[in-house]
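Accompanying notes for the structure given below.
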Amino acid sequence: MRITFVKKVLADGNPCAKCRDVEEKLRENDQLRLINETIIADERDSNSAGMELAREHQVSRAPFFLVEEEGQEPRVYTVYFKFVKEVLRPLTA
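Mind the numbering: the sequence shown is residues 1 to 93 in full-length UniProt numbering, read in order.
Shown next, in the form of structure tokens:
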């Protein structure tokens with residue numbers, strides 16, 4: 001399983017508040033170690049890796065998580081608590 005965390009940088013160069021909050025929750029709950037990669041969706045650069053992933057997976061909200069498993073379609077989570085319940089909790093059980 002490969003987990004990618006996509007967080008947004010706003011047009012003014014600041015990190016999105018919700019992204020900051022989710023990253024802090026990941027850190028506080030020792031879940032950041034389960035994330036394979038963090039990618040930035042930079043509003044100032046429509047070709048940034050995160051913006052391209054958002055377009056590819058038709059995601060309009062940040063942050064989001066992309067969960068890839070061999071032989072399966074990638075799953076996208078835009079809600080932190082659902083992501084934790086369905087993906088992270090089983091990994092730590």
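Every residue, glycine too, gets a C-beta built ideally from N, C-alpha and C. The structure displayed is predicted, hence computed values, not measured ones.
Between ASN36 and THR78, the gap from beta carbon to beta carbon reaches 8 Å or more. With a cutoff of 8 Å on beta-carbon distance, ALA41 and VAL6 are scored as near each other. Pairing ARG2 with GLU68 gives a Cβ-Cβ distance under 8 Å.
Classified as exposed, PHE81 has fewer than 16 neighbouring CB atoms from the shown chains inside 10 Å of its CB. Non-local beta-carbon contacts of PHE83 in its own chain, meaning distances under 7 Å to residues more than five positions away in sequence, involve PHE65, TYR77 in chain order. Judged by beta-carbon spacing, PRO63 lies within the 8 Å limit of LYS18, meaning their Cβ atoms are closer than that value.
Distance between GLN31 and GLU23, taken at the CA atoms: about 9 Å.
Under the three-state reduction of DSSP output, LEU10 falls in the coil class, being neither helix nor strand.
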